[in-house]
Amino acid sequence: SCSPLQVIRPEPCSVCGSRIRFGKTAVKCCQCQLLLHTKCREQCPSCCIPRPRHHTWPREGVLADFVPCTRPLVPALVVQCVTEVETRGLTETGLYRVPGAEQLVREWKRRLLRAGGMLPALSSVTDIHVVCGVLKDFLRGLKEPLVTFSLHPAFLRAAGEQESQGGRGEGEEAASSLTLIPDATTDILDDAACDAALRHLVSKLPPANRDTLAFLMLHLLRVSRSADCKMDVLNLSRVFGPTLVGHSSANPTPLAIMEDTPRQCKVVARLLSLPPDFWRDFVGMEQENLVPT
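Here the sequence shown stands for residues 21 to 313, where the numbers follow our numbering.
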């Protein structure tokens, strides 16, 4: 249910994105705190998806803090953003590359995290690039990327790269990565060996990281196949490399940040080259079955 209020501090309307000025009357959803112009209410007939509240999500945390209790372990926020993007975004040029309005991205991310199990309907977000921004910002805001700190050097090497000299935080020792891969050597030369090493490392990720990575890889493959999006594997790797792969510590040196960027992209490109059936084995069902109801 929505209630009218008088705006004291100007905020953007969650439907049209235009600022609601001081002193104007607006309406706010009592459940998810969605704020919108009175005239925009008709475009948002149902503010919330009716789901039982299991817990309130933290403002920040590791991925496991946001996943459901049963597999596949993919946060509902990720599922909802991906579903919305695939419903009406696969004809948009520059999907994930074109930024959404920063203030709306922050506002929607805040609402989704605060809502916990009661997710607001993203269909009321006019600009699909805002939804893309929410997904990227959520993944960027995790305390540890999907490729964990301990496995980060191993993923770089499996993709044919070496860890940067500045990649370790002070006082931290990165894991000796290739000991996880039977008969691995320092240099992995051919594509088959790279693929085998990456498959092995994906299986070593924490279950929540592994399932969510699989879900995202299947989504990005669908985006890459859309001629309208003009976002091939290379473009998507450039966008998602820093977000999904990150660095080998929470506080990388400036040198590591500079050196890691092309390596992160190469890891994501290699992951996207793995066959879809490999990723489907982790998700265990079609995407449609993951959509909150």
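Even glycine gets a Cβ: it sits at the ideal position worked out from N, Cα and C.
**Q.** the region 167-176 in contact with the region 209-229 per 3-pair CB rule at 8 Å
**A.** Yes, they touch.
Q: Starting from the C-beta of L110, find all residues in its chain whose C-beta is less than 8 Å away, skip the five residues before and the five after it, and write them out in chain order.
A: Position 90 of the sequence shown, counting from 1, holds the residue named residue 110. Cβ within range, chain order: R242, V243, S246, D248, C249.
Q) Is the beta carbon of V265 sitting closer than 8 Å to the one on V288? A) Along the sequence shown, one-based indexing puts residue 265 at 245. Along the sequence shown, one-based indexing puts residue 288 at 268. It is a contact, given that the beta carbons lie within the stated cut-off.
**Q.** C-beta atoms of C33 and H57 nearer than 8 Å
**A.** Position 13 of the sequence shown, counting from 1, holds the residue named residue 33. Position 37 of the sequence shown, counting from 1, holds the residue named residue 57. Closer than 8 Å, so yes.
Q: Could you tell me whether the region 270-288 touches the region 138-146, using the rule of 3 or more Cβ pairs below 8 Å?
A: In this structure the region 270-288 does not touch the region 138-146; the number of beta carbon pairs closer than 8 Å is below three.
Q: Go to H267, then tell me how far its beta strand (DSSP E) extends in each direction, as first and last residue.
A: Taking the first residue of the sequence shown as position 1, residue 267 is located at position 247. Where H267 is concerned, there is no enclosing beta strand (DSSP E), because DSSP gives it neither an H nor an E.
Q.
Are the CB atoms of V125 and G153 within a distance shorter than 8 Å?
A. Residue numbering aside, residue 153 sits at position 133 when the sequence shown is read from its first letter. Residue numbering aside, residue 125 sits at position 105 when the sequence shown is read from its first letter. One thing to note: G153 has its Cβ within 8 Å of the Cβ of V125.
Q: Report yes if the C-beta distance between V150 and T232 is below 8 Å; otherwise report no.
A: Residue 150 sits at position 130 when you count from the first residue of the sequence shown. Residue 232 sits at position 212 when you count from the first residue of the sequence shown. Their beta carbons are not under 8 Å apart, which means V150 does not touch T232 by this criterion.
Q: Determine the burial state of A276: buried for a count of at least 16 other Cβ atoms within 10 Å of its Cβ, exposed for fewer.
A: Within the sequence shown, the letter at position 256 stands for residue 276. By the neighbour-count criterion, in which 16 or more other beta carbons inside 10 Å mark a residue as buried, A276 falls on the buried side.
Q | Classification of L25 by the beta-carbon crowding that lies within 10 angstroms, buried from 16 upward | A | The residue given as residue 25 occupies position 5 in the sequence shown. Label assigned to L25: exposed.
Q) Are the beta-carbon atoms of L238 and P295 separated by less than 8 Å? A) For the purposes of this step, residue 238 is identified with residue 218 of the sequence shown, where counting begins at 1. For the purposes of this step, residue 295 is identified with residue 275 of the sequence shown, where counting begins at 1. No, the pair does not count as a contact, with Cβ atoms beyond the cut-off.
Q | Selection from V35, C36, K44, G37 that minimises the alpha carbon distance to I28 | A | Within the sequence shown, the letter at position 8 stands for residue 28. Nearest C-alpha to I28: K44.
Q | Presumed contact (8 Å Cβ cut-off) between V321 and F235, rounded CB distance | A | The structure shown has nothing for residue 321, since the chain only spans 21 to 313.
Q.
Under DSSP, the beta strand (DSSP E) around V47 begins and ends at which residues?
A. Numbered from its first residue, the sequence shown carries residue 47 at position 27. Looking at the DSSP string, the run of the beta strand (DSSP E) that includes V47 is 45-49.
Q. Within this structure, are the beta carbons of L162 and L83 separated by less than 8 Å?
A. Against the sequence shown, residue 162 aligns to sequence position 142. Against the sequence shown, residue 83 aligns to sequence position 63. Going by C-beta atoms, L162 is nearer than 8 Å to L83.
Q. So the alpha helix (DSSP H) S12 belongs to, where does it begin and stop?
A. Outside the modelled stretch of the chain, which goes from 21 to 313, sits residue 12, for which no answer is possible.
Q.
Here's the rule I'm using: 16 or more other beta-carbon atoms within 10 Å means buried, otherwise exposed. How should S268 be labelled?
A. Stepping through the sequence shown from its first residue, residue 268 is reached at position 248. By the 10 Å Cβ count, S268 comes out buried.
Q. Could you give the distance in angstroms between the alpha-carbon of L240 and the alpha-carbon of R160?
A. Residue mapping note: residue 240 aligns to position 220 of the sequence shown, counting from 1. Residue mapping note: residue 160 aligns to position 140 of the sequence shown, counting from 1. If you draw a straight line from the Cα of L240 to the Cα of R160, it is about 17 Å long.
Q | Alpha carbon of E164 to alpha carbon of R230, nearest angstrom | A | Stepping through the sequence shown from its first residue, residue 164 is reached at position 144. Stepping through the sequence shown from its first residue, residue 230 is reached at position 210. One C-alpha to the other measures close to 13 Å.
**Q.** alpha helix (DSSP H) segment containing P173, residue limits
**A.** The residue you call residue 173 lines up with position 153 of the sequence shown. Unbroken alpha helix (DSSP H) run through P173: 172-178.
Q) What residue range is occupied by the uninterrupted beta strand (DSSP E) comprising P274? A) For this step, residue 274 is matched to residue 254 along the sequence shown. From DSSP, P274 is part of no beta strand (DSSP E) but of the alpha helix (DSSP H) over 274-292.
Q.
When you compare the CB positions of L20 and L292, do they come within less than 8 Å of one another, or not?
A. No information on residue 20 is available, as it lies outside the stretch 21 to 313 that the chain covers here.
**Q.** Range of the contiguous beta strand (DSSP E) that encloses C249
**A.** For the purposes of this step, residue 249 is taken as the residue at position 229 of the sequence shown. Run containing C249: none; DSSP gives neither H nor E here.
Q | Same chain, Cβ closer than 6 Å to W128, neighbours up to 5 away in sequence not counted | A | Locating residue 128 in the sequence shown gives position 108, counting from the first residue. Taken in chain order, the residues that qualify are V154.
Q: Identify which residue in A178, A135, E122, A179 has its Cα closest to the Cα of K156.
A: Here the question's residue 156 lines up with position 136 in the sequence shown. Of A178, A135, E122, A179, the residue nearest in Cα terms is E122.
Q. Between K48 and A179, is the Cβ-Cβ spacing less than 8 Å?
A. Numbered from its first residue, the sequence shown carries residue 48 at position 28. Numbered from its first residue, the sequence shown carries residue 179 at position 159. Going by C-beta atoms, K48 is not nearer than 8 Å to A179.
Q.
Between which two residues does the beta strand (DSSP E) holding S23 run?
A. Mapped onto the sequence shown, residue 23 falls at position 3. Where S23 is concerned, the enclosing beta strand (DSSP E) stretches over 22-26.
Q. Between the C-alpha atoms of R131 and P140, what's the straight-line distance to the nearest angstrom?
A. Taking the sequence shown and counting its residues from 1, the one referred to as residue 131 is at position 111. Taking the sequence shown and counting its residues from 1, the one referred to as residue 140 is at position 120. Here the alpha carbons of P140 and R131 stand approximately 8 Å from one another.
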